[in-house]
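There are 2 protein chains.
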Amino acid sequence: MGIESTKKTTPVVRPTRENNLWLTEEQTDGMRLSLRVVQTLYQKKTAYQDLLIVDTAEYGRALVLDGAIQLTERDEFCYSEMMAHVPLCSHPDPKRVLIVGGGDGAILREVLRHPNVELCTLIDIDREVIEASKKYLPSVSCELENVRADVRCMDALTYLETTGDRFDVAIVDSTDPVEFAAGLFQAPFYADIKRILNPGGVLTELTESPFADTELMRQAICEMRKVFPIVRMYWGAVPTYPTGMWTYGAASLAPDPSSPLREIQGTRYYTGEIHKAAFVLPPFLEAMI
Amino acid sequence: MGIESTKKTTPVVRPTRENNLWLTEEQTDGMRLSLRVVQTLYQKKTAYQDLLIVDTAEYGRALVLDGAIQLTERDEFCYSEMMAHVPLCSHPDPKRVLIVGGGDGAILREVLRHPNVELCTLIDIDREVIEASKKYLPSVSCELENVRADVRCMDALTYLETTGDRFDVAIVDSTDPVEFAAGLFQAPFYADIKRILNPGGVLTELTESPFADTELMRQAICEMRKVFPIVRMYWGAVPTYPTGMWTYGAASLAPDPSSPLREIQGTRYYTGEIHKAAFVLPPFLEAMI
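Protein chains in written order, with the working numbering: chain V, 505 to 793; chain X, 505 to 793.
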């Protein structure tokens, strides 16, 4: 009887559960984004920041600096393409490009899609970001060894003050504006950038989220306007950045940054039509700047 | 000696901390968004869903159904304006409008900005959502008592099958497609909507996030195409919805939903230029549908 009863009863199987490991970014004091983590791949305190690379359940591998998600394999194209192709496609003939930060190589990869570009100089202060990206993020770092890539590990401010190099496009891929990156959103830095731009040069920099970082966004655009004759804002979606709504500042010495001059193939977020649409701002955002 | 030592030492003051209360939405199995909560205002298990209204630290009051954020006071305009003004501004003369769901009143408020609209019928299955919104979300529910608002608490499927009313624009503001809302993303439902539309009518429905709900988004557009001759997708930012990148399906019997025919005043997200820009899809999104 007892045995029959046991046979009829479906055995209670405890479901296999994954490790309940989460990467949580405190995007603001009152908002957190969490991604489920499959495995922690690399963790190190470098000379400049806490470096973490994890494999997430839904967004592929993620690069995290000082607790802030810098990129994930799944959605980095949304950011990298808009940082690179908007200034490059607005410029009539971009031969020399400067990237400040961006040691992971994502924006460099997009820049080198442009056949006009003869050399792209990338200045990242932290060699460990570059090395870890080469090892753990191959789809992102794949062009760091390209012959058209000139990768240097040094303080960008020192580089800008001492270099004789001149550029057609500068792209500032900063971390959040704290500690060593704080100066990268202020007029003296923009003046340094202006000095190393050729006539008709263009600068692009991330300017954060209008919901999460309103004041920083407003100030960055304000500081750009002190230095450059043409300053425009554009925006796009980046799911793993705070609020998913991401803004960019485009400063120019002559070309209209909102007008693409040529198409680029093989992109997943950027097109010439997206380029133009990204400069159409909702009134609430227009009113902030 | 002991006393002197005590005087010199700065006393350890434990900082005043807020309640560490968080609203956490499991947006997908591997992604969570959390908002810091100041106070829980109302919590009830209704006949249809778990209803929660909280006051958040950064997004004002939030309406939460079955654990999913339906709106926050701070960013609901991004969603409400795009749901209402895209179909209404595409229609040459929208006199009668139907809202399915939307008991909070946010979309109704936007619909009634249009002087053409003579009557807007709102069908929400859950009277408790309407009553709680009236009490706790005055900036959202403010037009629920408008003489041009015809608010009814009943199952929308029953209404569609039995009504003799006809509409120029239908807006489907569903919750996530589970349980009683599951039918609201399928061809038979779209056929019901088509039947109550006047010639030249337009339908808009949210179609979720391409990163968080790819399959649902694809299916909803596919099902719409089985019923309507013109189906287009558009998108925009909504910070507190999954991934912040939100898509909408626009189905039409004649007008081009991507072409605004008139402007609307007093909006914070929508403009005619935003309307057109929202229909420009990144290639990765275009490829999904």
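C-beta atoms are modelled at their ideal positions from N, C-alpha and C, and glycine is treated no differently.
query: Where V:Arg613 falls: helix, strand or coil (DSSP); result: helix
query: Chain-ordered neighbours of X:Val784 on chain V, where CB pairs are closer than 7 Å; result: Glu777, Ile778, Ala781
query: Backbone CA spacing between V:Glu719 and V:Met587 [nearest angstrom]; result: 21 Å
query: Within 7 Å of chain B by C-beta, residues of the segment 740 to 755 of chain X in sequence order; result: The displayed structure is made up of protein chains V and X, and chain B is not among them.
query: Within chain V, partners of X:Gly534 - CB distance below 7 Å; result: Leu539, Arg540, Thr560, Ala561, Glu562
query: Any C-beta of chain V under 8 Å from that of X:Tyr795; result: Residue 795 of chain X is absent from the model: chain X starts at 505 and stops at 793.
query: Cutoff 8 Å: X:Pro764 Cβ touching any chain V Cβ; result: no
query: Cutoff 8 Å: X:Asp760 Cβ touching any chain V Cβ; result: no
query: Beta carbon of X:Ile734 nearer than 8 Å to that of X:Ser756; result: yes
query: Backbone secondary structure at X:Ser637 - three-state DSSP; result: helix
query: Alpha-carbon spacing of X:Ala741 relative to X:Met749, whole angstroms; result: 5 Å
query: Closer than 8 Å to chain V by CB, X:Asp717; result: no
query: Proximity below 8 Å, CB of V:Thr625 to CB of V:Arg656; result: yes
query: Contact set for X:Ile507: own chain, Cβ-Cβ below 6 Å, skip 5 residues either direction; result: With a pLDDT of 40 at X:Ile507, under the threshold of 50, the modelled position of this residue cannot be trusted, and the question is left open.
query: X:Arg729 versus V:Ala782: straight-line alpha-carbon distance, rounded; result: 28 Å
query: Sequence-distant residues of the same chain with beta carbon closer than 8 Å to V:Leu569, five excluded per side; result: Gln553, Asp554, Leu555, Leu556, Val633, Thr679
query: CA nearest to the CA of X:Glu577, picked from X:Lys639, X:His589, X:Asp559; result: X:Asp559
query: CB contact below 8 Å: X:Asp628 versus chain V; result: no
query: Contact the segment 638 to 648 of chain V vs the segment 664 to 676 of chain V: 3+ CB pairs below 8 Å; result: no
query: Alpha-carbon spacing of V:Ala610 relative to X:Arg772, whole angstroms; result: 34 Å
query: Selected residue, minimal CA-CA separation from V:Gln690, among V:Ala724, V:Asp533, V:Asp579; result: V:Ala724
query: Closest residue to V:Met658 among V:Ala636, V:Pro642, V:Arg631 (Cα-Cα distance); result: V:Arg631
query: Cβ contact (3+ pairs, closer than 8 Å) linking the segment 613 to 625 of chain V and the segment 584 to 598 of chain V; result: yes
query: V:Pro787 - containing alpha helix (DSSP H), residue span; result: 787 to 792
query: Contact list for the segment 573 to 589 of chain V against chain X, Cβ threshold 8 Å; result: Arg578, Asp579, Phe581, Cys582
query: Residue burial classification, V:Val706 (beta-carbon count within 10 angstroms, cutoff 16); result: buried
query: Residue range of the unbroken alpha helix (DSSP H) whose run includes X:Phe689; result: Premise fails: X:Phe689 is in no alpha helix (DSSP H) and is neither H nor E.
query: Proximal residues to X:Thr544 (C-beta, below 6 Å), its chain only, five neighbours per side dropped; result: Val558
query: Reference X:Ser584; option with closest CA among X:Ala716, X:Asp677, X:Pro703; result: X:Asp677
query: Cutoff 8 Å: V:Met721 Cβ touching any chain X Cβ; result: no
query: Beta strand (DSSP E) runs wholly inside the segment 714 to 772 of chain V, at least 3 long, in chain order; result: 734 to 741, 749 to 756
query: Collapsed DSSP secondary structure at V:Val644 in the structure displayed; result: helix
query: X:Glu530 versus X:Ile573 - alpha carbon distance; result: 10 Å
query: Any non-hydrogen atom of the ligand MN within 7 Å of V:Leu641 CB; result: Inclusion of the ligand MN in the displayed structure is not the case, the ligand content being empty and no account of it being possible.
query: is_contact[X:Phe689, chain V] using C-beta, thresh 8 Å; result: no
query: Backbone CA spacing between V:Trp526 and V:Ser538 [nearest angstrom]; result: 6 Å
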